[in-house]
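Heads up, the thing below is written out as structure tokens.
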Amino acid sequence: MDSLPHSVRRHVYTLFLFTKSDLKTILFPVMLFACVSAPTLSFVSFFRAFIWTWLHLLQFCISNQSLSLDEDRKNKPWRPLPSRRTSVSYAFTLRWLLVPVCLALSIAYGVTAAGFIFTISIILHNELKLDSHWFTRNTLNALGYAVFDAGATAIIRTDGSLEFPPVVLTAHYLSIGIVLTTIHAQDFRDELGDREEKRRTIPIVMPLAGRLSMPFSLTIWSLGLCIRWSRSWMQSVILLGSGMFIGGRFYFLHSPEADRFSYLLYNLWLANARIMPIFS
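Under our numbering, the first residue of the sequence shown carries the number 14, and numbering increases by one thereafter.
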């Protein structure tokens with residue numbers, strides 16, 4: 014009698030493990046952006062946006078991890094596939110089963126375009142390996158954030174409108190620019206694995222310029238946001254100070270452990286930078 018609940022718990026935890034690494038980098042920041050962007054929201058609308066975002070994230074993660082098994086064996090052996098918690102055939106089936114599920118959910122929630130664009134982006138990023146070059150990699154990451162933000166923000170609203178206020182659109186477009194020019198922060202920690210996979214990420218193709226780009230881009234973005242949208246000196250100090258500090262870490266500290274922690278701090282800076290125009 015206890016086998017069914019145990020089996021259900023095991024499957025749910027397996028799905029959680031697929032997305033575990035991206036909860037703090039995608040799910041939570043996207044939900045924060047959606048919450049502060051919505052003029053009105055409710056528990057039901059929040060739950061719908063959360064489920065939509067998480068299912069699309071799950072679709073991406075299963076696709077990505079089923080194609081990078083050797084890399085995960087070395088870097089993230091706790092994931093479901095390298096730990097043999099589940100099989101590659103199961104992951105493959107679930108990956109393609111999630112396509113119609115996510116598209117149907119997007120249609121039901123009135124964000125068909127977001128669901129369709131995201132599905133195509135996953136194929137381009139993973140199956141067609143456009144993540145192997147730094148330019149297409151950064152571009153698709155920026156597109157992914159944009160689609161997540163647009164879909165979640167539209168779903169979480171309770172007024173039924175798909176039109177975003179000018180300030181939200183401004184924050185949305187700024188977020189695309191910020192992610193496009195800084196998201197290679199994630200690639201420093203994975204440089205060894207990327208070399209083995211023959212990827213041409215920024216830390217590999219232009220190591221010195223890539224390191225230098227972090228303090229430069231984080232400082233410039235922070236300064237611009239503070240000048241135009243900051244409402245208090247404390248807000249400016251936090252964003253600008255953290256941007257300079259985190260950028261400096263990327264430039265001066267080069268170990269994989271240091272890069273992992275710098276990337277964690279970068280995500281906190283990014284979440285703050287993305288919502289600053291909305292609070293203005």
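Note that the Cβ used here is the ideal one computed from N, Cα and C, for glycine as well.
Contacts around residue i, its chain only, beta-carbon distance under 7 Å, and the 5 residues preceding and following it disregarded
| i | result |
| --- | --- |
| Arg224 | Phe263 and Tyr264 |
| Ile291 | Val49, Ser50, Val180, Val181 and Ala184 |
| Val43 | Thr66, Phe161, Asp162 and Ala165 |
| Arg86 | Pro95 |
| Gly206 | Glu84, Lys87 and Asn88 |
Beta-carbon proximity list for residue i, same chain, < 8 Å, skipping 5 on both sides
| i | result |
| --- | --- |
| Ser55 | Thr171 |
| Trp91 | Leu30 |
Residue interval of the alpha helix (DSSP H) (run including residue i)
| i | result |
| --- | --- |
| Glu84 | Leu82 to Asn88 |
| Leu118 | Val101 to Ala121 |
| Trp246 | Trp246 to Phe265 |
| Leu153 | Trp147 to Ile169 |
| Ile291 | Pro269 to Phe292 |
| Ser174 | Ser174 -> no alpha helix (DSSP H), and no H or E assigned at all. |
| Val57 | Phe56 to Ser79 |
| Ser50 | Phe41 to Ser50 |
| Thr125 | Thr125 to Ile135 |
Spatial neighbours of residue i in its chain, beta-carbon cut-off 6 Å, leaving aside the 5 residues before and after
| i | result |
| --- | --- |
| Ala47 | Ala62, Ala165, Thr166 and Ile169 |
| Ala163 | Ala127 |
| Ala155 | Ile189, Val192 and Leu193 |
Spatially closest choice to residue i from the options, by CA coordinates
| i | options | result |
| --- | --- | --- |
| Thr132 | Glu176, Lys142, His69 and Thr152 | His69 |
| Leu298 | Ser76, Gln248, Gln78 and Thr125 | Outside the displayed span of the chain (14 to 293) sits residue 298, for which this structure offers no information. |
| Asn151 | Leu187, Ile215 and Leu205 | Ile215 |
| Glu357 | Lys87, Leu187, Leu80 and Glu270 | Lying outside 14 to 293, the shown extent of the chain, residue 357 is not represented and no answer is given. |
| Leu187 | Glu210, Met257, Gly261 and Tyr158 | Tyr158 |
| Met257 | Trp246, His267 and Trp234 | Trp234 |
| Ile75 | Ile64, Phe60 and Ser34 | Ser34 |
| Ser230 | Ser255, Met247 and His24 | Ser255 |
Beta-carbon proximity check, residue i vs residue j, cutoff 8 Å
| i | j | result |
| --- | --- | --- |
| Met219 | Ala198 | no |
| Arg208 | Trp147 | no |
| Ile259 | Leu278 | yes |
| Glu210 | Glu84 | yes |
| Ala271 | Leu238 | no |
| Ile136 | Gln72 | no |
Local conformation of residue i per DSSP, three classes
| i | result |
| --- | --- |
| Arg213 | strand |
| Met14 | Residue placement at Met14 is poorly supported in this model, since its pLDDT is 44, which falls under 50; the coordinates still yield a value, given next. Coil. |
| Ser243 | coil |
| Leu236 | helix |
| Lys223 | For the record, residue 223 in the displayed sequence is Gly; it is not Lys. Residue state, collapsed to three classes: helix. |
| Pro228 | helix |
| Lys37 | helix |
Contact test: residue i Cβ vs the ligand COA heavy atom, cutoff 7 Å
| i | result |
| --- | --- |
| Ser293 | Summarising the ligand content, the structure contains no ligands, and the ligand COA is consequently not present. |
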